[in-house]
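So the structure is just underneath, and the comments pick up after that.
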Amino acid sequence: MRTESGRIVHLADYRPTDFVLERVDLTFELDPTETKCTSRMLLHRRDGAAPDAPLVLDGDELTMSALLFDGMPMDAERFTEENDVLTIRDLPETDSFEITVETVINPEANTQLMGLYRTNGIYCTQCEAEGFRRITYFYDRPDVLCVYTVNIIADRQSCPLLLSNGNFLGGAGYGEGKHFAAWFDPHPKPSYLFALVAGDLGVVEDTFTTMSGREVALKIYVEHGKEPRATYAMDALKRSMKWDEEVFGREYDLDIFMVVAVSDFNMGAMENKGLNVFNDKYVLADPETATDADYANIEAIIAHEYFHNWTGNRITCRDWFQLCLKEGLTVYRDHEFSADQRSRAVKRIAEVRHLKSEQFPEDAGPLAHPVRPTKYREINNFYTTTVYEKGAEVTRMIATILGPDLFKAGMDLYFERHDGDAATVEDFVKCFEDASGRDLTQFSLWYHQAGTPLVSVSSSYDQANAAFTLSLEQIVPPTPGQAAKDPMHIPLCFGLLLPDGTEARPTSISGAEVAGDVLHLTERSQTVTFGGVPARPVVTLNRGFSAPVNLHFEQAPADLAHIARHDPDLFARWQALNDIALPSLVEAARSARSGADIAVNSLLTDTLIAIAGDETLEPAFRAQVLALPSESDIARELGSNNDPDAIRVGREAVLAFVAGEGASLFASLSDLHRTKVSFTPDADSAGRRALRNAALAYLTIAEDRPAQAAQASAAADNMTDLSAALTLLAHRFPEAPETQAALETFRARFAENALVLDKWFAIQATIPGEAALGRVQHLMQSPHFNASNPNRVRALVGTFAFSNPTGFNRADGEGYRFLASQILEIDPKNPQLAARILTSMRSWRSLEAVRREHALNALRRIAAGEKLSADVSDIVERMLN
Ligand code: 0A1
Ligand code: ZN
Numbered sequence: 001m002r003t004e005s006g007r008i009v010h011l012a013d014y015r016p017t018d019f020v021l022e023r024v025d026l027t028f029e030l031d032p033t034e035t036k037c038t039s040r041m042l043l044h045r046r047d048g049a050a051p052d053a054p055l056v057l058d059g060d061e062l063t064m065s066a067l068l069f070d071g072m073p074m075d076a077e078r079f080t081e082e083n084d085v086l087t088i089r090d091l092p093e094t095d096s097f098e099i100t101v102e103t104v105i106n107p108e109a110n111t112q113l114m115g116l117y118r119t120n121g122i123y124c125t126q127c128e129a130e131g132f133r134r135i136t137y138f139y140d141r142p143d144v145l146c147v148y149t150v151n152i153i154a155d156r157q158s159c160p161l162l163l164s165n166g167n168f169l170g171g172a173g174y175g176e177g178k179h180f181a182a183w184f185d186p187h188p189k190p191s192y193l194f195a196l197v198a199g200d201l202g203v204v205e206d207t208f209t210t211m212s213g214r215e216v217a218l219k220i221y222v223e224h225g226k227e228p229r230a231t232y233a234m235d236a237l238k239r240s241m242k243w244d245e246e247v248f249g250r251e252y253d254l255d256i257f258m259v260v261a262v263s264d265f266n267m268g269a270m271e272n273k274g275l276n277v278f279n280d281k282y283v284l285a286d287p288e289t290a291t292d293a294d295y296a297n298i299e300a301i302i303a304h305e306y307f308h309n310w311t312g313n314r315i316t317c318r319d320w321f322q323l324c325l326k327e328g329l330t331v332y333r334d335h336e337f338s339a340d341q342r343s344r345a346v347k348r349i350a351e352v353r354h355l356k357s358e359q360f361p362e363d364a365g366p367l368a369h370p371v372r373p374t375k376y377r378e379i380n381n382f383y384t385t386t387v388y389e390k391g392a393e394v395t396r397m398i399a400t401i402l403g404p405d406l407f408k409a410g411m412d413l414y415f416e417r418h419d420g421d422a423a424t425v426e427d428f429v430k431c432f433e434d435a436s437g438r439d440l441t442q443f444s445l446w447y448h449q450a451g452t453p454l455v456s457v458s459s460s461y462d463q464a465n466a467a468f469t470l471s472l473e474q475i476v477p478p479t480p481g482q483a484a485k486d487p488m489h490i491p492l493c494f495g496l497l498l499p500d501g502t503e504a505r506p507t508s509i510s511g512a513e514v515a516g517d518v519l520h521l522t523e524r525s526q527t528v529t530f531g532g533v534p535a536r537p538v539v540t541l542n543r544g545f546s547a548p549v550n551l552h553f554e555q556a557p558a559d560l561a562h563i564a565r566h567d568p569d570l571f572a573r574w575q576a577l578n579d580i581a582l583p584s585l586v587e588a589a590r591s592a593r594s595g596a597d598i599a600v601n602s603l604l605t606d607t608l609i610a611i612a613g614d615e616t617l618e619p620a621f622r623a624q625v626l627a628l629p630s631e632s633d634i635a636r637e638l639g640s641n642n643d644p645d646a647i648r649v650g651r652e653a654v655l656a657f658v659a660g661e662g663a664s665l666f667a668s669l670s671d672l673h674r675t676k677v678s679f680t681p682d683a684d685s686a687g688r689r690a691l692r693n694a695a696l697a698y699l700t701i702a703e704d705r706p707a708q709a710a711q712a713s714a715a716a717d718n719m720t721d722l723s724a725a726l727t728l729l730a731h732r733f734p735e736a737p738e739t740q741a742a743l744e745t746f747r748a749r750f751a752e753n754a755l756v757l758d759k760w761f762a763i764q765a766t767i768p769g770e771a772a773l774g775r776v777q778h779l780m781q782s783p784h785f786n787a788s789n790p791n792r793v794r795a796l797v798g799t800f801a802f803s804n805p806t807g808f809n810r811a812d813g814e815g816y817r818f819l820a821s822q823i824l825e826i827d828p829k830n831p832q833l834a835a836r837i838l839t840s841m842r843s844w845r846s847l848e849a850v851r852r853e854h855a856l857n858a859l860r861r862i863a864a865g866e867k868l869s870a871d872v873s874d875i876v877e878r879m880l881n
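Residue numbers (UniProt numbering): 1 to 881.
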């Protein structure tokens, strides 16, 4: 672990390095416990740097075995190695010189999974954000770009495969059962994009011909025997490459593109130049083992990492404060890709659901930070949903404000102007200003002000003058370190629906800039009047979720139902239903808390059932409609003093009511006797499965017995249906013999497939109620569990803490005490993993008093832990502040 855990890095302190790194040659002699890394760096003093400025290089827990200057051992008085920093003095004022650093690394002992480590016998690296400094002393910062040559020497038998970035130069025998390979990456890159993989893996191969006619070799490496499960990833890769050419004009730039799947990985995947490393969860799929959601994730993440080749690699970040420059933009690009490959509206609904359930709570709690922060203690903790997902929304808003043509012109300018640069958010925004002539100064507040804006709306209609008026007011709530906020530029897509379901075409508009269907809210409060509106319209605001805001607009349920049935924008229809459902669910939770009877609004049920049964609508959309707001959506809406048990009781009552009212529809939609068609993972088929499984859930609730779900589980011929049925059984009838039998059948059938057993862990970790903790603790003793594999820990401990509101937030505080022990246990091995799981407690202040007190005590216990990592202490301290 790094020792400078108290150090805070400030954006304002950025300055370039004193030396320019021209090139680096790396040689690795791989060994499980004693790998030797020799790094030869060619450097010269930067113009304008002080003539006596030393060379200061970053390290992290390194053992340096040699240090040379122009090939000769360096005099001991010319350098110091202190606090993970190597400082070298008395260096030439103008001439280039060579520094050679030799380090010895123990990959086997590297449980942090940062730097060079071993996973299932494979050598593998992870260098973003600051992992390269765990390999050698280096300018380990994204604004230092240079070309890399990499030589890898390893045992031929255990490591037939030796991979690094760029193009393969050649290889040969190396005596004593060893061999070597050399790679050269012609594209200057920062150290975080370096990668090395060595081991014995199987491969799936293909080729892609780029738009200029170059043939690129494509290779996906997986464990032997798993090759057939990598074909979908390959297909997704080729579609991504084509799409980036067609939509963004971006062509791939090396002769080879490789993906390696590994089973120990802290995140989803990593975009190392030409050599992406993936968590195997996001590569491997077949109908027997992967759900439709898995397929969609694989497609999105393959695309995401590939798209980084331009947005991240060709144009990288000047410093880590600019992380959203590559991440927000690349998420926006992968969202657009998936929308083009699938149903755009359904994709948008899923994105917004995710944004609201993950990013909105972050923005409303102690971990809130701007999309472009100005300080951090541990950069690993800033790979957040705010940087990624809100960052993507900010990019989307630029596209909404400028329109497709000017947005494209801005992107083209960005690629042209900054190719090869380490750029900033300001550089990016400037390209859109220059391409469009529009001033984006106020808009840029989206990068700098944290917190989800609240837009309050009221409306009135003046029949005599055929005028419709909207009054809008925006408030950006205070967040840590930012008490007062300026008004933002909020682009709201909208429509005025007339009683016959058509849209009004106003003849005049005053009070705000309205361009096409976008209303630009730029002041704290604004009144907008539309003339020539022949009848009182129903306004649909924030269509497509054009701005990531909370809307407070008390529309009559009948108006919302009108939108839900008639809006031309499918997203708006879903949103309207949500706006009908959420207040009912909140009310139900309140009633449950106070012991009052729970009443269910029949308008909600009627509209829901009408849409679910509407054959003209795509099944995936109808499935989204049937998935009512979750328990955590309700908690967020309630805001404070939350009792997860009451929320659940209230929501269950609403579900039961809907299930009863729609029983016959759900019986026919769940269609248990359908004729089988062979599985394909396309979006349409996935949508049909989603609708059927949603209906089955309601049917099971209505019947209140496990028979149908047990039958579905036995009949399932794909993982989507099987896991849906098993989830129903486990969550609704945890103790039923049918459930126990189905769980055991599943376990036995997939005992050799750890990724599938992660689903088995997750399903059981999310069984609602008090008993969940005991189950999780019991499962941790299972031979299938492995406390040092991040996927296993996330599937069991992470899923319990993040996705089981009643089980985790037990009134007696046992859930929090368990989490505290887990964090203290995981932290010394893998601080990143510990810190990430700890963020599950980010909304602890919105709990009712008894739980809040228990949560506080658990956090205090973590904070008092001995030798906490910078990762965990950063998170816990921010949560307690
Ligand atoms: N850049 C990657 C995310 C990533 C970040 C840090 C990592 O270190 C453990 C790994 C991956 C992405 O956006 O996909
Ligand atoms: Zn990314």
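We put the beta carbon where it would ideally sit given N, CA and C, even for glycine.
Under the assumption that residue 114 contacts residue 134 (Cβ atoms under 8 Å), give the Cβ distance between them as a whole number of angstroms.
Indeed, because the Cβ distance is near 6 Å, the residues count as touching under 8 Å.
For a test of your reading of the model: does the CB of residue 126 fall under 7 Å from any non-hydrogen atom of the ligand 0A1? Yes or no.
Correct: residue 126 has its Cβ closer than 7 Å to the ligand 0A1.
Same chain only: Cβ atoms within 7 Å of residue 81, ignoring 5 sequence neighbours per side:
Here the set comprises 64.
Three-state class that DSSP yields for residue 528 in the structure shown
Strand at residue 528.
Could you check where the alpha helix (DSSP H) with residue 767 kicks off and where it finishes?
Note, residue 767: premise wrong, no alpha helix (DSSP H); not H, not E.
Tell me which residues share the same chain as residue 201 and place their Cβ nearer than 6 Å to its Cβ, disregarding the 5 neighbours each side in the sequence.
Excluding positions up to five away in sequence, the list reads 161, 221.
Return yes when the C-beta of residue 304 is under 7 Å from any heavy atom of the ligand ZN, and no when it is not.
Yes - the ligand ZN has a heavy atom lying nearer than 7 Å to the Cβ of residue 304.
Tell me the start and end of each unbroken beta strand (DSSP E) in the stretch 108 to 170 that is at least 3 residues and wholly inside, in chain order.
Secondary structure remark: continuous beta strand (DSSP E) runs of at least 3 residues inside the stretch 108 to 170, in chain order: 115 to 119, 122 to 126, 146 to 155, 161 to 164.
Look at the alpha carbon of residue 485 and the alpha carbon of residue 839, and state the distance between them as a whole number of angstroms.
Rounded to whole angstroms, residue 485 to residue 839 spans 25 Å at the Cα level.
Do residue 288 and residue 719 have their C-beta atoms within less than 8 Å of each other?
The Cβ atoms of residue 288 and residue 719 sit closer than 8 Å to each other.
Assigned secondary structure, residue 458 (DSSP; H/G/I helix, E/B strand, else coil)
Three-state DSSP puts residue 458 in a strand.
Would you list, in sequence order, the uninterrupted alpha helix (DSSP H) runs of no fewer than 4 residues that lie entirely inside the stretch 693 to 777?
Segments of the alpha helix (DSSP H) lying fully in the stretch 693 to 777: 707 to 715, 719 to 732, 737 to 749, 754 to 765.
Where DSSP assigns a beta bridge to residue 474, which residues make up the other side?
Answer is 455.
Should residue 47 go down as buried or exposed, given a rule of 16 or more other Cβ atoms within 10 Å for buried?
Exposed.
Inter-residue spacing [alpha-carbon to alpha-carbon] between residue 262 and residue 663
Cα to Cα, the separation comes out at about 45 Å.
How do the stretch 495 to 507 and the stretch 439 to 457 stand: do at least 3 beta-carbon pairs fall below 8 Å, yes or no?
These segments do not touch.
Using the C-alpha atoms, what's the distance from residue 793 back to residue 861?
A straight line joining the alpha-carbon of residue 861 with that of residue 793 spans about 21 Å.
Beta-carbon contacts of residue 802 that lie in its chain and below 7 Å, excluding the five residues immediately before and after:
If we look at residue 802 and ignore the five residues flanking it on each side, its Cβ neighbours are 840.
Under the three-state DSSP convention, the category residue 598 falls into:
It is coil, neither helix nor strand.
Just to confirm, are residue 847 and residue 809 a CB contact at a threshold of 8 Å?
By the CB criterion at 8 Å, residue 847 and residue 809 fall inside the cutoff.
Alpha-carbon to alpha-carbon, residue 441 and residue 1
Per-residue confidence for residue 1 stands at a pLDDT of 38, beneath the threshold of 50, marking its modelled position as unreliable; no derived number is given.
First and last residue of the uninterrupted alpha helix (DSSP H) at residue 361
For residue 361, the enclosing alpha helix (DSSP H) stretches over residues 360 to 363.
So which of 604, 370, 296 has the shortest CA-CA distance to residue 654?
When only C-alpha atoms are compared, the closest one is 604.
Report all residues from its chain with a CB closer than 7 Å to the CB of residue 394; omit the five preceding and five following residues, and keep chain order.
328, 371, 446, 447, listed in sequence order.
Contact test: residue 308 Cβ vs the ligand ZN heavy atom, cutoff 7 Å:
Yes, the Cβ of residue 308 comes within 7 Å of a heavy atom of the ligand ZN.
Can you tell me whether residue 642 is buried or exposed? The criterion is at least 16 other CB atoms within 10 Å of its CB, across all chains shown.
Only buried fits residue 642, as 16 or more other CB atoms lie within 10 angstroms of its CB.
Please name the residue in 617, 523, 578, 417 whose C-alpha comes closest to that of residue 568.
Of all alpha-carbon atoms in 617, 523, 578, 417, the one lying nearest the alpha-carbon of residue 568 is that of 617.
Checking 8 Å against the spacing of the C-beta atoms, do residue 144 and residue 190 come in under that value?
Going by C-beta atoms, residue 144 is nearer than 8 Å to residue 190.
Using a threshold of 8 Å, state whether the C-beta atoms of residue 470 and residue 457 are closer than that.
Closer than 8 Å, so yes.
Taking buried to mean at least 16 other C-beta atoms within 10 Å of its own C-beta, is residue 175 buried or exposed?
Residue 175 counts as exposed, since fewer than 16 other beta carbons sit within 10 angstroms of its beta carbon.
Leaving aside the five residues before and after residue 865 along the sequence, list all residues of the same chain whose C-beta is less than 6 Å from its C-beta, in chain order.
Excluding sequence neighbours, residue 865 sits near 824.
According to the neighbour-count rule (16 or more other Cβ atoms, all chains shown, within 10 Å of its Cβ), is residue 885 buried or exposed?
Summary: the structure shown does not reach residue 885, with the chain confined to residues 1 through 881, and so no result is reported for it.
Sort 858, 790, 854, 241 by Cα distance to residue 831 and report the nearest one.
Put simply, of 858, 790, 854, 241 the residue whose alpha carbon is nearest the alpha carbon of residue 831 is 790.
Rounded to the nearest angstrom, what separates residue 248 and residue 483 at their Cα positions?
C-alpha separation (whole angstroms): 39 Å.
Taking its Cβ as the centre, do 16 or more other Cβ atoms sit within 10 Å of residue 850, making it buried, or is it exposed?
Exposed is the call here.
Select from 153, 870, 845 the residue whose C-alpha is nearest the C-alpha of residue 879.
With distances taken between Cα atoms, residue 879 lies closest to 845.
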